[in-house]
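Number of protein chains: 2
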Amino acid sequence: MKISIAQLNIHVGNFQKNTEKIIREIEEAKKKGSELIVFPELAICGYPPRDFLEYDHFIHECENAIVNIAKHCVSITAIIGSPSFNTSNNGKRLYNSAFVLSDGKIADVVHKTLLPTYDIFDEYRYFEPNAEFKCIEINGKKVALTICEDLWNIDDQKLYKVSPMEDLMEYEPELMINIAASPFDYEQAQERLNILKWNVNKYKLPLVYVNHVGAQTELIFDGGSLFLNENAELQHLLPSFEEHTQQIETEKPSTLISINNNTKIASIHDALVLGIRDYFSKSEFQKAVLGLSGGIDSAVVAALTAKALGPKNVLAVLLPSQYSSDHSIKDAEDLVDNFGINKQIVPIESIYTSFENGLADFFQGTKPDLTEENMQARIRGVLLMAISNKFGHILLNTSNKSEAAVGYGTLYGDMCGGLSVIGDVYKTQVYELAKHINLEKELIPVNTIVKPPSAELRPGQKDSDSLPEYDLLDQVLYQYIERSKGRSELIAMGFESSLVDRVTGLVNRNEYKRYQTPPILRISPKAFGMGRRMPIVAKY
Amino acid sequence: MKISIAQLNIHVGNFQKNTEKIIREIEEAKKKGSELIVFPELAICGYPPRDFLEYDHFIHECENAIVNIAKHCVSITAIIGSPSFNTSNNGKRLYNSAFVLSDGKIADVVHKTLLPTYDIFDEYRYFEPNAEFKCIEINGKKVALTICEDLWNIDDQKLYKVSPMEDLMEYEPELMINIAASPFDYEQAQERLNILKWNVNKYKLPLVYVNHVGAQTELIFDGGSLFLNENAELQHLLPSFEEHTQQIETEKPSTLISINNNTKIASIHDALVLGIRDYFSKSEFQKAVLGLSGGIDSAVVAALTAKALGPKNVLAVLLPSQYSSDHSIKDAEDLVDNFGINKQIVPIESIYTSFENGLADFFQGTKPDLTEENMQARIRGVLLMAISNKFGHILLNTSNKSEAAVGYGTLYGDMCGGLSVIGDVYKTQVYELAKHINLEKELIPVNTIVKPPSAELRPGQKDSDSLPEYDLLDQVLYQYIERSKGRSELIAMGFESSLVDRVTGLVNRNEYKRYQTPPILRISPKAFGMGRRMPIVAKY
Numbered sequence: 016m017k018i019s020i021a022q023l024n025i026h027v028g029n030f031q032k033n034t035e036k037i038i039r040e041i042e043e044a045k046k047k048g049s050e051l052i053v054f055p056e057l058a059i060c061g062y063p064p065r066d067f068l069e070y071d072h073f074i075h076e077c078e079n080a081i082v083n084i085a086k087h088c089v090s091i092t093a094i095i096g097s098p099s100f101n102t103s104n105n106g107k108r109l110y111n112s113a114f115v116l117s118d119g120k121i122a123d124v125v126h127k128t129l130l131p132t133y134d135i136f137d138e139y140r141y142f143e144p145n146a147e148f149k150c151i152e153i154n155g156k157k158v159a160l161t162i163c164e165d166l167w168n169i170d171d172q173k174l175y176k177v178s179p180m181e182d183l184m185e186y187e188p189e190l191m192i193n194i195a196a197s198p199f200d201y202e203q204a205q206e207r208l209n210i211l212k213w214n215v216n217k218y219k220l221p222l223v224y225v226n227h228v229g230a231q232t233e234l235i236f237d238g239g240s241l242f243l244n245e246n247a248e249l250q251h252l253l254p255s256f257e258e259h260t261q262q263i264e265t266e267k268p269s270t271l272i273s274i275n276n277n278t279k280i281a282s283i284h285d286a287l288v289l290g291i292r293d294y295f296s297k298s299e300f301q302k303a304v305l306g307l308s309g310g311i312d313s314a315v316v317a318a319l320t321a322k323a324l325g326p327k328n329v330l331a332v333l334l335p336s337q338y339s340s341d342h343s344i345k346d347a348e349d350l351v352d353n354f355g356i357n358k359q360i361v362p363i364e365s366i367y368t369s370f371e372n373g374l375a376d377f378f379q380g381t382k383p384d385l386t387e388e389n390m391q392a393r394i395r396g397v398l399l400m401a402i403s404n405k406f407g408h409i410l411l412n413t414s415n416k417s418e419a420a421v422g423y424g425t426l427y428g429d430m431c432g433g434l435s436v437i438g439d440v441y442k443t444q445v446y447e448l449a450k451h452i453n454l455e456k457e458l459i460p461v462n463t464i465v466k467p468p469s470a471e472l473r474p475g476q477k478d479s480d481s482l483p484e485y486d487l488l489d490q491v492l493y494q495y496i497e498r499s500k501g502r503s504e505l506i507a508m509g510f511e512s513s514l515v516d517r518v519t520g521l522v523n524r525n526e527y528k529r530y531q532t533p534p535i536l537r538i539s540p541k542a543f544g545m546g547r548r549m550p551i552v553a554k555y
Numbered sequence: 016m017k018i019s020i021a022q023l024n025i026h027v028g029n030f031q032k033n034t035e036k037i038i039r040e041i042e043e044a045k046k047k048g049s050e051l052i053v054f055p056e057l058a059i060c061g062y063p064p065r066d067f068l069e070y071d072h073f074i075h076e077c078e079n080a081i082v083n084i085a086k087h088c089v090s091i092t093a094i095i096g097s098p099s100f101n102t103s104n105n106g107k108r109l110y111n112s113a114f115v116l117s118d119g120k121i122a123d124v125v126h127k128t129l130l131p132t133y134d135i136f137d138e139y140r141y142f143e144p145n146a147e148f149k150c151i152e153i154n155g156k157k158v159a160l161t162i163c164e165d166l167w168n169i170d171d172q173k174l175y176k177v178s179p180m181e182d183l184m185e186y187e188p189e190l191m192i193n194i195a196a197s198p199f200d201y202e203q204a205q206e207r208l209n210i211l212k213w214n215v216n217k218y219k220l221p222l223v224y225v226n227h228v229g230a231q232t233e234l235i236f237d238g239g240s241l242f243l244n245e246n247a248e249l250q251h252l253l254p255s256f257e258e259h260t261q262q263i264e265t266e267k268p269s270t271l272i273s274i275n276n277n278t279k280i281a282s283i284h285d286a287l288v289l290g291i292r293d294y295f296s297k298s299e300f301q302k303a304v305l306g307l308s309g310g311i312d313s314a315v316v317a318a319l320t321a322k323a324l325g326p327k328n329v330l331a332v333l334l335p336s337q338y339s340s341d342h343s344i345k346d347a348e349d350l351v352d353n354f355g356i357n358k359q360i361v362p363i364e365s366i367y368t369s370f371e372n373g374l375a376d377f378f379q380g381t382k383p384d385l386t387e388e389n390m391q392a393r394i395r396g397v398l399l400m401a402i403s404n405k406f407g408h409i410l411l412n413t414s415n416k417s418e419a420a421v422g423y424g425t426l427y428g429d430m431c432g433g434l435s436v437i438g439d440v441y442k443t444q445v446y447e448l449a450k451h452i453n454l455e456k457e458l459i460p461v462n463t464i465v466k467p468p469s470a471e472l473r474p475g476q477k478d479s480d481s482l483p484e485y486d487l488l489d490q491v492l493y494q495y496i497e498r499s500k501g502r503s504e505l506i507a508m509g510f511e512s513s514l515v516d517r518v519t520g521l522v523n524r525n526e527y528k529r530y531q532t533p534p535i536l537r538i539s540p541k542a543f544g545m546g547r548r549m550p551i552v553a554k555y
């Protein structure tokens, strides 16, 4: 069978644009002689639609789009994901469904059985699980059609009591098709391939897998749609991080290919670039502004943004104070020149003095402390937001995951911004990103990479005055956050108990700060934000 | 049977304090001759523990607490909620359980069947639903023990395919006990009573119901634990918004009581006071600071905070600009005097000038716009946060729900704060709250209540320049947010289509602002925050 795999970048809720794009792909596939075209999970409305699903109006828009798209499905079948109403009188009000469209109408509907409800997923919040199984038929071929998680209940980690493929095997399918919304993290591509191969090996059936591509606020979908033959050999693999439609032939052997051997850090780089680009295009903004300190974090964010939006759409603002070192300003200016981005300089010293004067009476008799450091960061926040407001640029946040974890940052100061670009990237990984960006040429000044990190909010300040060295800190954070290792387990792993108490205490106490941070582009299996939901006033 | 109903205020994750409190109540109940003492759902760790549940270490702390508490259960039985490990090799890793403790050990364990996963609830994120039913026996009496949602699958709104009580009835129980974590909203007390009565009427059994009291960040638990006799008559009702333990006798008829007839606005008032108090006590802070503008929002927040923390723990800061009217300053000062709270005045004009000067070159040739208004709000934010940092006061946010809905507020300006007190209270309800506070005496100056609302960020500005009148706006917002009515439904209700498009468009476009607001005390059935989860870059 000739099948078009449509790995599309869908905009949540943008029914008009999404429908046009889907119809265009169907017409194109018809011209190329495809018998079937397959779109991703919930492609009608985008993934994740979140609580828009609670609006009947939103579901009706999905239904209308399905009807319109079906009209184009003549001499071709389309499979496409959409929410649909549960018309029985109990259970959740919706299903997460795959519609089979042919002869100009809805030929069949299959519902999702396994509803991921962990990490960033909330599917049982909206959907009733399917409990009835059947194969669909396309041009005489029996197909086991499943939706994403339906294939993920594999032997060694059974989260669910049913496995849809086991029920479907009774109907003797000849092909598996899985439509998915499986977001990127730096481990996901490999895990996904393992799980898909596990299914092919178990059920001895070829598999067509179609995933989303593109970023939806914090979630970045990498695509990686593929076709595995019945020997679990990778026969087709669509490019990562790119919208792409490809025609495959299920019976025709083709050269086997190996999965792309991008390094982990190259994948993170490409994911972040896509994340920035889609945040801007989907919110209909072109230009970004960020504060450039001369340090590594803002340098890397500037580099990624220049790549995503083009250097002429990036405005870097230097906001020096009396504590800014000469080398910081020099490093920032070198970076601006290397990337060809725009630059402005707004010194903050006289503004800072006006705050000192305004608070002088009230603060009489008190000693300088973190208040004054925070105030500098917040003055920079006000200036950057004023520039953002005045010129319609989105302010990008440059905090990294290590800082966000331990609360080493100023709320409403350096924590401002519409999008946090590297808030899921540990400091040690930020250095790796910088080296990756510099692979061919010194774009980020080497001095920015080699000097000791400093917030430069008081004379001679270094991050290591307040925090453990990042090499060590990041190890503890990774085990605590990504691996959910608690106090006793961390100590058993060899970390000193005083270090463990200090780091986990900082992470827990700073939940209130993270609650108010911008959405963070997610590149790890456990990112701050929708994937990690913590109480604020807890004591633990 | 003599039963102690322990309606406790538990602190999430504070195992030491919680365990001590629970043991104290058990000892007290023993002295009073109770045969049984019943604690709320997940009382061991507090509700909601959220992703702390993903830490084995956290579950082990729960297990240890259970063992310690069980030792005190000699000559008395205790029922208490705790998470527990699912030891089978499939399904979610935990159960939401009720432990029956007697003879110094764990006598029985019952798991929750129906796992609420909607609005603010995420239980299927963590827990495997129970599928095996049995009654427990206490001093020879057969008891149908269920957990919260287990009783909520009633006829006209069946969200689930099973109803635990129907299975339990086969074992011929004589009494129902339900332990709960059912948070307050202004409709919940009545709905809760209706549902509990529905169960008693259906199963013809008396019911002991034990709920949490106290606030956990945004969620406010009102208690309202009760005993219904087998005729569904209310025989005992514990006080709302107060920690309280009461002994009841299930066989002994007592005077019937009617549910407290607090007005809706009085309940909202009491809920918010508890919400503020617990936010401070559970995060171990005593003092609050807020900006006082002379307007209604900050006046009501100041009043609620004075009630919650005591007037001497409240610092009101007046931050006048050249656009502040004389009456605003006068109204603010009158309020300070009426409540006996502390006051400081920090004018912002010269700081504003320093920003203007700092940006003069860069902004040359541009016209004044929202940028300059936002800048004033952000200068106030910087000053308030400096005071918060310097003196260890928590800054309270004073935005109301109408503003939060349509984005009528400045991110990092008036949207700053550790806690949003009235972010779930529409502007029209804020006026009702003010009148309620003034019931006995003019505490909030009448002028604050009667003057037209204004942000005072430019000369002669009024809210109604930018927004529909609040009476109308709040109606549309209520239907869109609380009732999930979409565009076509709103128009069918009689709202003008241009108004509907404007208001829903503003709500959707301002999701990015709400993403960064402080946690909001929840008093409605649909509050911004964990109960309403929306995409940011969607177009709908």
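Line by line, the protein sequences are chains Z and D.
For the first sequence, the working numbering begins at 16 and goes up steadily by one.
For the second sequence, the working numbering begins at 16 and goes up steadily by one.
Cβ coordinates follow ideal geometry from the N, Cα and C atoms, glycine included.
None of the values given here were measured: they were computed from a predicted structure.
Report all residues from its chain with a CB closer than 6 Å to the CB of residue i; omit the five preceding and five following residues, and keep chain order.
i, result
"D:VAL228", "GLN22, ASN24, PHE236, GLY238, GLU258"
"Z:PRO362", "PRO335"
"Z:ASP293", "GLY229, ALA230"
"Z:GLU248", "LEU271"
Classify residue i as helix, strand or coil using the three-state DSSP reduction.
i, result
"Z:HIS87", "coil"
"D:GLU187", "coil"
"D:ARG39", "helix"
"Z:ALA542", "coil"
"Z:GLY558", "The structure shown does not extend to residue 558 of chain Z, since chain Z is modelled only from 16 through 555, so no value can be given for it."
"Z:HIS227", "coil"
"D:GLN15", "As shown, chain D starts at 16 and ends at 555. That puts residue 15 of chain D outside it, with no answer to give."
As a quick exercise: from the options, pick the residue whose alpha carbon is nearest that of residue i.
i, options, result
"Z:ALA13", "Z:ASN357, Z:PHE136, Z:ILE37, Z:SER336", "What the structure shows of chain Z is the stretch from 16 to 555, and residue 13 of chain Z is not part of that stretch, so it cannot be assessed."
"D:LEU296", "Z:VAL53, Z:VAL552, Z:LEU448", "Note on identity: in this sequence residue 296 of chain D is Ser, with Leu being the wrong assignment. Cα-wise, what sits closest to D:SER296 is Z:VAL552."
"Z:VAL215", "Z:GLU189, Z:GLN379, Z:GLN231", "Z:GLU189"
"D:ALA281", "D:ILE394, D:TYR70, D:ALA542, D:TYR446", "D:TYR446"
"D:PHE377", "Z:GLN359, Z:ASP376, Z:ILE394, Z:GLU299", "Z:GLN359"
"D:ASP429", "D:GLU388, D:LYS442, D:LEU454, D:LYS456", "D:GLU388"
"D:MET549", "D:GLU526, D:GLN531, D:ALA542", "D:GLU526"
Beta-carbon within less than 7 Å of residue i's beta-carbon, same chain only, minus the 5 sequence neighbours each way: which residues are those?
i, result
"Z:LEU399", "VAL304, GLY306, VAL332, LEU410, CYS431"
"D:TYR224", "ASN193, ALA195, LEU211, SER240, LEU241"
Could you name the residues of the same chain whose beta carbon sits closer than 8 Å to that of residue i, not counting the 5 residues immediately before and after it, in chain order?
i, result
"Z:GLY546", "ASP134, ILE135, ARG537"
Let me see if you follow: with CB-CB separation under 9 Å, is residue i close to chain A or not?
i, result
"Z:SER365", "This model lacks chain A altogether, as its protein chains are Z and D."
When Cβ atoms are compared, which residues of the stretch 217-235 of chain D fall closer than 7 Å to chain Z? Of all residues in the stretch 217-235 of chain D, those with a C-beta nearer than 7 Å to a C-beta of chain Z are GLN231, THR232, reading in chain order.
Could you name the residues of the stretch 137-165 of chain D whose beta carbon sits closer than 8 Å to any beta carbon of chain Z, in the order they occur along the chain? In summary, the residues of the stretch 137-165 of chain D whose CB is separated from some CB of chain Z by less than 8 Å are ASP137, TYR139, ARG140, in the order they occur in the chain.
Which of the residues in the stretch 51-73 of chain D, read from start to end, lie with their CB under 9 Å from any CB of chain Z? Listed by position along the chain: CYS60, GLY61, PRO63, PRO64, ARG65, ASP66, PHE67, GLU69, TYR70, ASP71, HIS72, PHE73.
Inter-stretch contact (C-beta, 8 Å, three-pair minimum) for the stretch 528-542 of chain Z and the stretch 39-55 of chain D: No, they do not touch.
Decide yes or no for the touch test of the stretch 380-390 of chain Z against the stretch 341-354 of chain Z: beta carbon pairs closer than 8 Å, at least 3 of them. Between the stretch 380-390 of chain Z and the stretch 341-354 of chain Z, the count of C-beta pairs closer than 8 Å stays below three; the two stretches do not touch.
Would you list, in chain order, the members of the stretch 414-428 of chain Z that have their beta-carbon closer than 9 Å to a beta-carbon of chain D? Residues of the stretch 414-428 of chain Z with a Cβ closer than 9 Å to any Cβ of chain D, in chain order: THR425, LEU426, TYR427, GLY428.
Please name the residues in the stretch 394-413 of chain Z whose beta-carbon is closer than 9 Å to at least one beta-carbon of chain D, in chain order. The residues in question are ILE394, GLY396, VAL397, LEU398, MET400, ALA401, ILE402, SER403, ASN404, LYS405, PHE406.
At least 3 beta-carbon pairs within less than 8 Å: the stretch 498-511 of chain D vs the stretch 466-478 of chain D: Between the stretch 498-511 of chain D and the stretch 466-478 of chain D there are fewer than three C-beta pairs closer than 8 Å, too few to call the two in contact.
With 8 Å as the C-beta to C-beta threshold (strictly closer), list the residues of the stretch 338-367 of chain D near chain Z in chain order. Sequence-ordered contacts of the stretch 338-367 of chain D with chain Z read GLN359, VAL361, PRO362, ILE363, SER365, ILE366 [C-beta pairs closer than 8 Å].
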